[in-house]
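Below you'll find the structure, written out as structure tokens, and then a few comments.
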Amino acid sequence: GRVLGKGNKERVVPYGTPAARALEGWWQLRARLARPDSGQALFLGARGGRVDPRTVRQVVHRLAAEAGVPDLGPHGLRHSAATHVLSGGADLRSVQELLGHSSLATTQRYTHVSAERLRAVYEQAFPRA
Numbered sequence: 001g002r003v004l005g006k007g008n009k010e011r012v013v014p015y016g017t018p019a020a021r022a023l024e025g026w027w028q029l030r031a032r033l034a035r036p037d038s039g040q041a042l043f044l045g046a047r048g049g050r051v052d053p054r055t056v057r058q059v060v061h062r063l064a065a066e067a068g069v070p071d072l073g074p075h076g077l078r079h080s081a082a083t084h085v086l087s088g089g090a091d092l093r094s095v096q097e098l099l100g101h102s103s104l105a106t107t108q109r110y111t112h113v114s115a116e117r118l119r120a121v122y123e124q125a126f127p128r129a
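Residue numbers (UniProt numbering): 1 to 129.
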């Protein structure tokens, strides 16, 4: 799907079949909520307006508590996803595109966890090194 990020920059964000199914159901409900001024926003509030970022944060915190998982917040989830993609072997440039970073230096902030993991793997393989 296409996402409009910070600075009105558009980027492509891939997603899998479970998300596609959920979005199909959501589009039907969204059509009933939408107002003429709703625009292209994917998620709308109960009154048909754009969802406020604070509301998104509150929902993420609530869902984490209900699921019994660490409460990372929206940015923490984004950071975690980027770290997992990098740990899975993705190249830094692809992750930059995925996250919509204009600067590769911004994306490089996510590499520290991967470097720590690499160090742990090395130490496990070569404990006397």
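Just so it is clear, CB atoms sit at the ideal spot from N, CA and C, and this is done for glycine as well. Please read these numbers as outputs of a predicted model, since none were measured by experiment.
Quiz item: Just how far apart, CA to CA, sit V59 and A129?
Solution: Translated into positions along the sequence shown, residue 59 becomes position 59. Translated into positions along the sequence shown, residue 129 becomes position 129. Near 47 Å, if we compare the C-alpha coordinates of A129 and V59.
Quiz prompt | Contacts around S38, its chain only, beta-carbon distance under 8 Å, and the 5 residues preceding and following it disregarded | solution = Here residue 38 refers to the residue found at position 38 of the sequence shown. Closer than 8 Å at the Cβ level, and outside the excluded window around S38, lie L44, G48, G49, R50.
Exercise. Only counting runs of 4 or more residues, tell me where the alpha helix (DSSP H) segments fall wholly within the region 86-113, in order along the chain.
Key: 92-99, 104-108
Quiz item: Can you pull the DSSP bridge partners for L10?
Solution: Here residue 10 refers to the residue found at position 10 when the sequence shown is read from its first residue. Leu is not the amino acid found at residue 10; the sequence shown has Glu there. According to DSSP, which records beta bridges pairwise, E10 is partnered with L4.
Exercise. Excluding the 5 residues preceding and the 5 following V95 in the sequence, name in chain order all residues of the same chain whose CB lies nearer than 8 Å to its CB.
Key: Position 95 of the sequence shown, counted from the start, is the residue given in the question as residue 95. For V95, where only same-chain residues beyond five positions count, the Cβ hits under 8 Å are A82, V85, L86, T107, Y110.
Exercise. Just grab the DSSP bridge partners of L42 for me.
Key: On the sequence shown, position 42 is the one that residue 42 refers to. Paired residues: none, contrary to the question.
Exercise. Specify the secondary structure class of R30 as computed by DSSP and reduced to three states.
Key: Indexing the sequence shown from 1 puts residue 30 at position 30. Helix.
Practice problem: With distances taken Cα to Cα, identify the nearest neighbour of A115 among E97, H101, G100, G88. | Solution: Position 115 of the sequence shown, counted from the start, is the residue given in the question as residue 115. Nearest C-alpha to A115: G88.
Quiz prompt | Sequence-distant residues of the same chain with beta carbon closer than 7 Å to R57, five excluded per side | solution = Residue numbering aside, residue 57 sits at position 57 when the sequence shown is read from its first letter. Answer for R57: G73, P74, listed in chain order.
Exercise. Look at G5 and G100 and say whether their C-beta atoms are less than 8 Å apart.
Key: If you number the sequence shown from 1, residue 5 lands on position 5. If you number the sequence shown from 1, residue 100 lands on position 100. Result yes, Cβ atoms of G5 and G100 sit closer than 8 Å.
Quiz item: Can you tell me where the alpha helix (DSSP H) with R62 in it begins and where it stops?
Solution: Taking the sequence shown and counting its residues from 1, the one referred to as residue 62 is at position 62. Taken as a continuous stretch (DSSP letters only), the alpha helix (DSSP H) holding R62 covers 53-67.
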